[in-house]
Amino acid sequence: MSKVYAKTPIALVEQVYKKLDNNLSIIRDRIARPLTYSEKILYGHSSNPTEVDLKRGEGYADFTPDRVAMQDATAQMALLQFMLANLEQTAVPTTVHCDHLIEAYQGSKFDLTVANKDNKEVYDFLKTASSRYGIGFWGPGAGIIHQVILEQYAFPGGMMIGTDSHTPNAGGLSMIAIGVGGADAVDVMSGWSFNTKIPNLIGVNLTGELNGWAAPKDIILKVAEILTVKGATNAIVEYFGDGAKSISTTGKATITNMGAEIGATCSIFDFDDKGIEYLESTDRGDVANLAKENMELLTSDSEVYEDPNKFFDQLIEINLDKLEPHIVGPHTPDLARPISELKTDVQKNNYPVEISNALVGSCTNSSYEDIGRAANIARQAKKKGLKAKIPLMITPGSEQVRATVERDGLLKDLEDIGGTVLANACGPCIGQWKRDDFKKGEENTILSSFNRNFPARNDGNAATLSFIGSPESVIAMSLSGRLDFDFTNETLTNSKGEEVKLEEPIADELPENGFVASIEGFSPPIGNGNSNITISPSSDRLQILKKFEEWDGNDYIELPILMKAEGKCTTDHISPAGKWLKYRGHLENISENLFIGVNNEFVSKTGYGKSILNKEEVELPKLAKTYSQQNISWVAIGDENYGEGSSREHAAMEPRFRGCKIVIVKSFARIHEANLKKQGILPLVFSNLKDYNLILWDDRISTIGLDTLTPDREVKLLITHSDGSAEEISTYHSLSNEQIDWFKSGSALNFLSKKD
Ligand code: MIC
Ligand code: SF4
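Residue numbers (the working numbering): 1326 to 2081.
Okay, here's the thing in structure tokens:
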């Protein structure tokens, strides 16, 4: 791969359609029934169509994605691992996007200057490594990874992986796009296959048409309410129906993006006229034409639409005619209610009713249409004599979107009611928010159009209650500053004391005068293998990785328990972002945040554990460090959906680095379980969920017969209590034969580099 362009070349798309055709002729013979759209694209990318295990929800299979994308916070660790593979170039087109490390404070210009200065070492590393290995590099300010991918690289029928859980955003343009940990990306960049579980299929049949205040965001918030945060684990969510045809491509992307919040492997829409319009408007008419010629590949077989019940493991129907705007939160994205019920809910739960800040943007809602609908409300507000009552921040998704909304006067509409435009980056969505107005521990309500709202995520303050809605809902509510304002029905008092009511938002899906085409910030790779990557040994931001040690072949004997997570334990609890993003390229330094957000059942203080050495209560990262310095290996215990949220492999690498051997939980989130396997930690699930309750702080855990570890076999554990009593419990794992080899070798990377 010698060159990565700022667009996917048409030749690559042609090749993919040929591959789909060939693979599907084999798959159709084997499967002997009509195929859904996602099956076509998934199996069409199978590395071995004659043998791929087609049992949904069971087997693991190898796939050959067409692209890899990485964002700056995860790319550092991925590239550090890729360097261990000693290759000249990446095997598939790959891009790096600098979006996570920019802190929001004063507005775009100021914040970018600060970021460029503060992160110089990391940006230089990413740029040099990109150039060295033939990777396309999008610098700070160019945009949020998923928006840039949608505008430049996504194409219908393609398959990509990305080191970010919201990679499925590209499913809006009919791509199988899967969020993975860095180690998975390294496999594909090294020319190996992407190995994952064959997902189940959840169908969502959208009938009716979005109207009034309801937005694509409200569809996914409704789906999240129905399926909950773990309801789509190891499943592809496939959307179709007449309702789907009425949603713009960027609106579809909002929906597929937030599939991450329900645990989905990915979400996808089949291809339609909206996709053609979007490709044309983003200067990819050639891809649109080719796609039109291949419509058969890019939609489900007609039988699927006629009787969807037969083809999906679960089918959901949503009538868009009746959909109301929804607001979800606090603390979890599946706690939903329609706007008409919000007032009662606020009162019942005593949520702080004054909103402190309103935020529009993030990778899920920062398109031209999103900003257009938000600006439409702002324009109405100005005319009616209203202003935002609270600070209002707006992040465009890419420089292309920003330049276009500026040209079309939409940014001005938002600024006129008090909005501040932030850099085209993640910003407050990932805790990159320098907040001066509230101190840690002070309760306050914020409302955003983002996708995640876990405690402490946006501002590092676990007492902040974060709610989520569509961009237009956020703007409308910012005008009253109150969470109990039903903008669809109620009036507001303007500066003249008159009662005024907002109209339903109307905006263009795509710019009438086209996008202001921009690839500002893009550096094509030189790709000659010549640039030198230097990492200073004294750097506190970057650290060369050392390989993890191999398993010695013996059972683990009497390992202590570092912590037992009670309730929600997301990757933001395990390895928070915000100020810690700084250390994403330095395993030792970032390990100082290990488990600091965890509610450990054994102690009352969040992020603390009880030492087996002296019974003292200490911060979990310190305790883990002490154990590792004393060569004490340990176990971590988790609750349901452990590791929900981000793809950050740091949440698996840090425990591994500090001596964790086993993680035992009630259930895992997909990407985190895969990351643990990759890094050589044994991920086990209680066969009997009640056994979770057995585990006490000073118990010891031993494995029984680990040398006979084979797929689908239980792993027996012996729990020894401090009074000398012991009990045997059963756990199970989902390791395939190859994944068992990863474990034995100490990590997937150790195994694969030996294999070569
Ligand atoms: C997130 O939204 O949590 C992130 C930050 O984008 C992560 C990736 C990361 O932790 O770097 C994700 O979603 O995978
Ligand atoms: Fe960035 Fe937020 Fe999207 Fe993650 S969810 S990629 S932090 S904008």
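Just so you know, even glycine gets a beta-carbon here, dropped at the ideal spot from N, CA and C.
Problem - Proximal residues to Thr-2056 (C-beta, below 7 Å), its chain only, five neighbours per side dropped - result: Ile-1989, Leu-2009, Val-2010, Phe-2011, Ser-2012, Glu-2039, Val-2040, Leu-2042
Practice task
Report the three-state DSSP secondary structure of Asp-1964 (helix, strand or coil).
Solution key: coil
Practice task
Determine the DSSP secondary structure at Met-1514, reduced to helix, strand or coil.
Solution key: It is helical.
Exercise for the section: Tell me whether Asp-1646 sits in a helix, a strand or coil according to DSSP, three-state version. Expected result: The answer is helix: DSSP assigns Asp-1646 an H, G or I state.
Practice task
Could you check the C-alpha separation between Pro-1663 and Lys-1673 for me, to the nearest Å?
Solution key: 15 Å
Practice task
Check whether the Cβ of Cys-1423 lies closer than 7 Å to any heavy atom of the ligand SF4, and answer yes or no.
Solution key: Not under cutoff, so the answer is no.
Problem - Ala-1508 CB to nearest heavy atom of the ligand ATP below 7 Å - result: With respect to small molecules bound, the structure shown includes the ligand MIC and the ligand SF4 and not the ligand ATP.
Practice task
Using only the heavy atoms of the ligand MIC, determine whether one of them is closer than 7 Å to the beta carbon of Ala-1902.
Solution key: Yes - the ligand MIC has a heavy atom lying nearer than 7 Å to the Cβ of Ala-1902.
Handout entry: Contact check, Gln-1472 vs Cys-1754, beta carbons under 8 Å
Key = no
Practice task
May I ask which residues mark the beginning and end of the alpha helix (DSSP H) holding Glu-1845?
Solution key: Element bounds for Glu-1845: n/a, residue is neither H nor E.
Practice task
Using 7 Å as the cut-off, classify the Cβ of Phe-1722 as near or not near the heavy atoms of the ligand MIC, replying yes or no.
Solution key: Checking the displayed sequence, the identity of residue 1722 turns out to be Gly instead of Phe. It does not: the Cβ of Gly-1722 is nowhere closer than 7 Å to a heavy atom of the ligand MIC.
Problem - Unbroken beta strand (DSSP E) run spanning Thr-2056, endpoints - result: 2051-2057
Practice task
Identify the continuous beta strand (DSSP E) that holds Arg-1392 and give its terminal residues.
Solution key: 1392-1396 is the span of the beta strand (DSSP E), which, as asked, contains Arg-1392.
Exercise for the section: With DSSP as the reference, label Pro-1980 as helix, strand or coil. Expected result: helix
Practice task
Output the boundary residues of the beta strand (DSSP E) element that contains Pro-1663.
Solution key: 1661-1663
Practice task
Count the CB pairs spanning the stretch 1377-1392 and the stretch 1901-1909 that are closer than 8 Å, and state whether there are at least three.
Solution key: no
Problem - Stretch pair the stretch 1711-1718 + the stretch 1568-1583: three plus CB contacts closer than 8 Å - result: no
Practice task
Taking only heavy atoms of the ligand MIC into account, decide whether any of them is closer than 7 Å to the Cβ of Gln-1406.
Solution key: no
Handout entry: Check: Thr-2083 C-beta below 7 Å from any heavy atom of the ligand MIC
Key = Because residue 2083 is not part of the residues shown, which for the chain are 1326 to 2081, the question remains open.
Practice task
Answer yes or no: the CB of Ile-1470 versus the heavy atoms of the ligand SF4, is any distance below 7 Å?
Solution key: Ile-1470 Cβ: within cutoff of the ligand SF4.
Handout entry: 8 Å Cβ cutoff met for Glu-1724 and Gly-1468
Key = yes
Handout entry: Pick from Phe-1873, Ile-2006, Ala-1706 that is closest to Val-1825, judged by C-alpha positions
Key = Ala-1706
Problem - Cβ neighbour criterion (16 or more within 10 Å) applied to Ser-1327 - result: Confidence at Ser-1327 is low in this model, with a pLDDT of 48, below 50, so the placement of that residue is unreliable and no value is reported for it.
Problem - Residues near Asn-1619 by beta carbon distance below 6 Å, same chain, minus five either side - result: Tyr-1342
Handout entry: Straight-line gap, Gly-1382 to Leu-2077 (C-alpha atoms, nearest Å)
Key = Cα to Cα, the separation comes out at about 25 Å.
Practice task
Check Met-1326 in the structure and name its three-state DSSP category.
Solution key: In this predicted model, Met-1326 has a pLDDT of only 47, less than 50, meaning its place in the structure is not dependable; the value taken from the coordinates is given anyway. Met-1326 falls in the coil class under three-state DSSP.
Exercise for the section: Please go through the same chain and pick out, in chain order, the residues whose beta-carbon is closer than 7 Å to the beta-carbon of Arg-1961, but skip the five residues on each side of it. Expected result: The amino acid at residue 1961 is misidentified as Arg; the sequence shows Ala. These residues qualify, in order along the chain: Leu-1887, Met-1888, Pro-1980, Cys-1985, Val-1988.
Exercise for the section: Put Val-1612 into one of helix, strand or coil per three-state DSSP. Expected result: helix
Practice task
Using 7 Å as the cut-off, classify the Cβ of Cys-1591 as near or not near the heavy atoms of the ligand SF4, replying yes or no.
Solution key: No; taking the cut-off as 7 Å, the Cβ of Cys-1591 has no heavy atom of the ligand SF4 nearer than that.
Exercise for the section: Give the DSSP bridge partners of Trp-1463, in chain order. Expected result: His-1422, Phe-1847
Practice task
Kindly list the residues whose CB is nearer than 6 Å to the CB of Lys-1442, restricted to its own chain and excluding five residues on each side of it in sequence; keep chain order.
Solution key: none
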